[in-house]
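> Sharing a structure below in structure tokens format, with a few things to ask.
Number of protein chains: 2
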Amino acid sequence: MQIQSVRVTPIAVPDVPIRNLKGTHQQVFLRSIIEVECSDGSVGLSETYGAKRTLSGLQKVASSLVGLDIFDLNRLARIIREALPATAGVNAPTALADHKLSDVVYSAYEVALLDLQGKYLKRPVCDLLGGAVRDRVPFGGYLFYKFAKPEEQVGTDLFGEVLTPDALVEQAQHFVDEHGFKSLKLKGGVLEPELEVETLLKLKERFPGHPLRIDPMGAWTPETALKLANRLEHVLEYLEDPSPGMDGMAAVGPKCPIPLATNLVVVEYPQIFEAVQRNAVQIILSDHHYWRGMTGAITLGRICDAAGLGVAMHSNSHLGISLAAMVHVAAATPNLTYDCDTHYPWVQDEVIKGGTWKFKDGSLPVPTAPGLGVELDHEALSRLHALYQECGVDDRDDLAEIRKYIPDFERLVPRW
Amino acid sequence: MQIQSVRVTPIAVPDVPIRNLKGTHQQVFLRSIIEVECSDGSVGLSETYGAKRTLSGLQKVASSLVGLDIFDLNRLARIIREALPATAGVNAPTALADHKLSDVVYSAYEVALLDLQGKYLKRPVCDLLGGAVRDRVPFGGYLFYKFAKPEEQVGTDLFGEVLTPDALVEQAQHFVDEHGFKSLKLKGGVLEPELEVETLLKLKERFPGHPLRIDPMGAWTPETALKLANRLEHVLEYLEDPSPGMDGMAAVGPKCPIPLATNLVVVEYPQIFEAVQRNAVQIILSDHHYWRGMTGAITLGRICDAAGLGVAMHSNSHLGISLAAMVHVAAATPNLTYDCDTHYPWVQDEVIKGGTWKFKDGSLPVPTAPGLGVELDHEALSRLHALYQECGVDDRDDLAEIRKYIPDFERLVPRW
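In order, the protein sequences belong to chains L and S. 404 is the number that my numbering gives the last residue of the first sequence; the numbers go up by one with no jumps. 404 is the number that my numbering gives the last residue of the second sequence; the numbers go up by one with no jumps.
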């Protein structure tokens, strides 16, 4: 079964101005939707980042894939390595897609090939990854401080302004009521640490049985991180990326009473070894979008098992194709014992047929249909591609965006 | 596709008294041949160790596999973990099969399931492992000092007595002439180190373009190892397990001018992290028989890539089913850059149809038929099973065997 054509369609999906250390989300988030068509007419789907650099990388490779056998993942990797030589600067302080381009592009196409393999085999993709160890995958509620969405932006707002502990707790209440999430994760590094601690304490009070996490994205110096961690010892399930860089994490990890997680300082396999040696992290966030695809995410799970590290799952803003892949990976990763992250409840549109995925008790069922188990809604794809063309956003820039709200905002890492 | 029945047949294959640090091979070597039959009548094959402990582990699990889906490798692992709880004592100074039983049993059945998956899919197994990156797999010649085979033993001898450097060089010449091997590996730890160095120097002289290796199986103290390594710096491609245990290897590795390889001190994933931290090894020998199957061997390749370690391939005495699996794994491991080990040229019988595999220029073609690409010869299986029942050998005991030749032989590790 050989690839006959590859189509990459950039789309824009209305978003809300949720905040993080480095800025705020734009009026839309960008995704690339990939359709890989085979000689027999079957189509494999995939979804990944839609910012300029990823889109250009995907497009640069697309024509080289014609004729590739859908099972030849090693050749896929070679084609991509040759078309997109790895750039220097692992751990550069930019978005993942900027410094791991070849891994990101490989990952995107691997998902489409696995979707095709599954369809060819009439098996769900998780069967190609070793088989599902669970039939439902639990997710957590992802909580964000945010601005109210300006009226001139496309799409509608959710929750209005959320910039106080109490408003954040109400947001959490909504997510718990609506989706049944158990774990709750706060995107931190936004407010003064005292206010974020207050938020977590109020969440703990409101949801005493729910595992809590915070991800300040490296906002805190190691001194600040350790001071806060000592106050949060019995409040948090894990603390994600409290301090910047491997040095920052290594300064916190060995003395921290709470397990440290990361999706910033360990984003390539070799970094796992340094992190283990320095006891810099105890949990690594998996993400098939950059850990060399779904097979790479399974490998990561096995390496973490070998290293005595835990595995959780990272998320960016995404739609239902990515979510399907996340569910299959999570289902086939035996040691993924933490509820997965997802931005999905923040998203108000879809490109898959049949509407959005529905959470029940915070979890999603593992698809049993062949491949990923999702189908593309071409009308929705056209609509969101039109929005991409019209909205004037073709790159992610959280910093420029936040300066519309806070003109003198400076990107400081760490900030406190 | 579910498993309907499992058959495990122990066999004995005539062997010759090749020597190693711990003793000498018996008149036969033992293997277990596994047939896993599915509801549609298709049969998956596998081959692994045949000593008591492995055989009993395989048999203990067999009936629990009925009903298992052939894609559910994670469930296979769980069934085996539950039936055979891991024993303590990783790195105990016994045969691998003794301390990694659950991994060995998992590995054996995984091969059969992958054979079935491939047959179901009409694809060679390497396609399920990411695809072949090479269409031929190069092997090396495995050279052994040996006794002449006593006449009362079953089977015929090869080479007579080989206990001098010159006799060993003639053995190598035969292997090179007959099979076209490039790399040559000497099983060391048998003669005085001076004689083994002399052997290597004579091999270098006779085969100047051939990469050479020696595996003394931990026979040398770190002091001896370093002294010899300094003399062999420009002679050897790598030095395998010169000194015993992680401590021994860590005492040699950082000062050794030759890369160290191992199949003794790194035999489970967690040990990789310690080996890297201590710079105890630079090359790990893969072996799908104990690295959690073929998918586990692929994972090992990926971990070695991440760790900056090389990958080679280990061998025990084996027949053509194991060899097929070795070839598929090697084909799908991009960073397997060393010629693979194999005992196959020492073996004088087969259980697969069509006779033995033939080396050409030292390499074997990657099978393109569905599954492993080999078929069982039931007549041969019966014959070798009958030999198993008649020969009086049901366990491996190289020490007892060598005492037939050297009554006061003592097992010393290290010896020099």
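From the three backbone atoms N, C-alpha and C, an ideal C-beta is built for every residue, glycine too.
(1) Which residues, in chain order, does the stretch 44 to 61 of chain S contribute to contact with chain L at a C-beta distance below 8 Å?
(2) So that I know if they touch, is there some Cβ in chain S lying closer than 8 Å to that of A294 of chain L?
(3) Would the beta-carbon of Y133 of chain L be found less than 7 Å away from any heavy atom of the ligand ZN?
(4) Run down chain S in chain order and give the residues with a C-beta less than 7 Å from the C-beta of Q265 of chain L.
(5) Measuring only the C-alpha atoms, how far is L84 of chain S from E363 of chain S?
(6) Quick one: complete alpha helix (DSSP H) runs, 4+ long, within the stretch 89 to 115 of chain L?
(7) Do you know whose CA, among S:V269, S:L288 and S:I271, lies nearest H277 of chain S's CA?
(8) Tell me, please, which residues DSSP counts as bridged to D0 of chain S.
(9) Roughly how many angstroms lie between the CA atoms of S90 of chain S and P355 of chain L, to the nearest whole one?
(10) Once the 5 residues before and after S(-7) of chain S are set aside, which same chain residues still bring their CB inside 6 Å of it?
(11) In this structure, what does DSSP give as the bridge partners for L200 of chain S?
(12) Helix, strand or coil, according to DSSP, for K348 of chain L in the structure here?
(13) Using CA coordinates, which residue listed in S:G197, S:R19, S:E149 and S:I340 is at the minimum distance from L224 of chain S?
(14) For M301 of chain L, list the residues DSSP reports as bridge partners.
(15) Looking at the structure shown, is N267 of chain L part of a helix, part of a strand, or coil, going by DSSP?
(16) For Y257 of chain S, return the contacting residues in chain L, with the cut-off set at a CB-CB distance below 9 Å.
(17) Using the three-state DSSP reduction, which class does V317 of chain L fall into: helix, strand or coil?
(18) So which of S:E193, S:Q(-10) and S:T321 has the shortest CA-CA distance to G32 of chain S?
(19) Quick check on I260 of chain L - is its C-beta less than 8 Å from some C-beta in chain S?
(20) Closest to V99 of chain L by CA distance: which of S:V93, S:G118 and S:R111 is it?
(21) Closer than 8 Å, CB to CB, is G118 of chain S near chain L or not?
(22) Ignore the nearest five residues each way along the sequence and tell me which others in F147 of chain L's own chain have a CB closer than 6 Å to its CB.
(23) Suppose the cutoff is 6 Å on Cβ atoms and the five residues either side in sequence are ignored; what does the same chain contact list for W279 of chain L look like?
(24) At what residues does the beta strand (DSSP E) containing F132 of chain L begin and finish?
(25) What does the Cβ neighbour count give for D203 of chain L, buried or exposed, with the cut at 16 atoms within 10 Å?
(26) Does the beta carbon of V121 of chain L come closer than 8 Å to any beta carbon on chain S?
(27) Buried or exposed for D386 of chain L, going by 16 or more other Cβ atoms inside 10 Å?
(28) Does any residue of chain L have a CB that is nearer than 8 Å to the CB of D103 of chain S?
(29) By alpha-carbon positions, which one of L:C114, L:G206, L:G343 and L:F135 ends up nearest to V125 of chain L?
(30) Using a threshold of 8 Å, state whether the C-beta atoms of L297 of chain S and I272 of chain S are closer than that.
(31) Identify every residue that forms a DSSP beta bridge with E35 of chain S.
(32) So, under 8 Å CB-CB, A120 of chain L and A300 of chain L are touching, yes? Tell me the CB distance rounded to an integer number of Å.
(33) Where does the unbroken beta strand (DSSP E) through T250 of chain L begin, and where does it stop?
(34) So, A368 of chain S versus E389 of chain S, is the Cβ gap smaller than 8 Å?
(35) Taking only three categories from DSSP, how would you classify C244 of chain L?
(36) Anything in the stretch 310 to 331 of chain S with a Cβ closer than 8 Å to a Cβ of chain L? List those residues in chain order, please.
According to the structure data:
(1) D57, F59, D60 and L61
(2) yes
(3) What this structure holds is no ligand at all, so the ligand ZN is not there to describe.
(4) Q265
(5) Reliability of the predicted coordinates at L84 of chain S is poor, the pLDDT of 48 falling under 50, and the value obtained from them is presented with this limitation in mind. For L84 of chain S and E363 of chain S, the distance between alpha carbons rounds to 28 Å.
(6) 89 to 109
(7) S:L288
(8) Inspection of the sequence shows that residue 0 of chain S is occupied by Ala rather than by Asp. Note: A0 of chain S sits in a beta bridge opposite S:L18.
(9) 31 Å
(10) E25
(11) S:L172
(12) strand
(13) S:G197
(14) L:S274
(15) coil
(16) R290, I291, D293, A294 and A295
(17) helix
(18) S:Q(-10)
(19) yes
(20) S:G118
(21) yes
(22) Q159
(23) A285 and L288
(24) G129 to F132
(25) buried
(26) yes
(27) buried
(28) no
(29) L:C114
(30) yes
(31) S:I21
(32) Their Cβ separation, rounded to whole angstroms, is 18 Å, which puts A120 of chain L and A300 of chain L out of contact at 8 Å.
(33) L248 to T250
(34) no
(35) coil
(36) A320 and P322
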